[in-house]
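Numbering (our numbering), first residue to last: 46 to 311. Heads up, the thing below is written out as structure tokens.
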Ligand SMILES: [Mg+2]
């Protein structure tokens, strides 16, 4: 391997735009994951998606990447971990309204009391992107009511937009801010680049953040998040960032290494 991973306890690999794009793996991804597994290196695949690790596995298997759930950490999983921990002492357990996805719903089952209406107390609302089936206009109104009555607004991530085959979609951050504005509250965000996300992941691994290296395609959520945790940060140009985006970036925010795609590490 060209890049020396030996000084690092764990490797964090972003998924969308780094490992895969839509339904195909990006160059070097299958090889890199196979080699990390062969070396017995601790690694985590990370994503701001609201999917469950189980759904990510279903998506990656046809691409030739067989990875167990314990190697995958999504913002959806982190949001569920966050509310379950924060409201562990609520009477009868955490009471949570899901304004996100089926993935979040399945991860809440058995770990929280899923709130469905305004008949009882609610500790938190988990907010995903508005195009999801659990975020219908009726459910958005219910979420607004619950947040106005004291439920914590928890955005799966602060992403403003995300690309889709139809063009650009409103991200989790956009719906979270809309609800928080309407309810006049401050929301909490959980996904990358939040410290909450990386701290929870490092506890799961376990790994010391300063002994981790992250490889990602997004300057804000990947490189910025990693640097704030004291991790080494490698930027791949195979996703959303172009080389000229680095021109006006202050030294303190520059990645430690820039690669064209994952093949440059092999
Ligand atoms: Mg990405």
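Cβ coordinates follow ideal geometry from the N, Cα and C atoms, glycine included.
- At a threshold of 8 Å, residue 60 counts as near ligand 1, since its beta carbon sits closer than that to one of the ligand's heavy atoms.
- Remark: C-beta atoms of residue 157 and residue 199 do not approach each other more closely than 9 Å.
- Between residue 87 and residue 291, the CB-CB gap reaches or exceeds 9 Å.
- Distance check between residue 283 and each of 176, 193, 261 places 261 closest, using alpha-carbon atoms only.
- Contact check for residue 201 against residue 149 passes: the beta carbons are separated by less than 9 Å.
- The segment 138 to 147 and the segment 101 to 119 do not touch, with fewer than three beta-carbon pairs separated by less than 8 Å.
- Following the DSSP letters along the chain, one finds residue 130 inside the alpha helix (DSSP H) bounded by residues 120 to 131.
- Per DSSP, the continuous beta strand (DSSP E) segment holding residue 257 begins and ends at 257 to 261.
- Separation of residue 160 and residue 195 (C-alpha to C-alpha, rounded to the nearest whole angstrom) is 14 Å.
- With a cutoff of 8 Å, residue 218 does not count as near ligand 1, since its C-beta is closer than that to no heavy atom of the ligand.
- Bridge pairing for residue 199: 171, 233 [DSSP].
- Under the three-state reduction of DSSP, residue 181 is assigned to coil, being neither helix nor strand.
- The segment 123 to 138 makes no contact with the segment 176 to 192: fewer than 3 CB pairs, one atom from each, lie closer than 8 Å.
- For residue 232 and residue 138, the gap between their C-alpha atoms comes out near 21 Å.
- If you draw a straight line from the Cα of residue 50 to the Cα of residue 277, it is about 11 Å long.
- Spanning the alpha carbons of residue 165 and residue 193 requires a straight line of approximately 14 Å.
- Secondary structure at residue 61: strand, using DSSP grouped into helix, strand and coil.
- The DSSP-derived three-state label of residue 140 is strand.
- With 16 or more other Cβ atoms from the protein chains shown falling within 10 Å of its own Cβ, residue 263 counts as buried.
- Taking C-alpha positions only, residue 62 is separated from residue 220 by approximately 23 Å.
- In the DSSP assignment, residue 101 falls within the alpha helix (DSSP H) that extends over 98 to 105.
- With contacts defined as CB atoms closer than 9 Å, residue 152 and residue 217 fail to qualify as a contacting pair.
- In this structure, ligand 1 has a non-hydrogen atom nearer than 8 Å to the beta-carbon of residue 266.
- Assignment of residue 164 by DSSP, reduced to helix, strand and coil, places it in the coil class.
- Judged by DSSP secondary structure, residue 285 falls outside any alpha helix (DSSP H); it is assigned neither H nor E.
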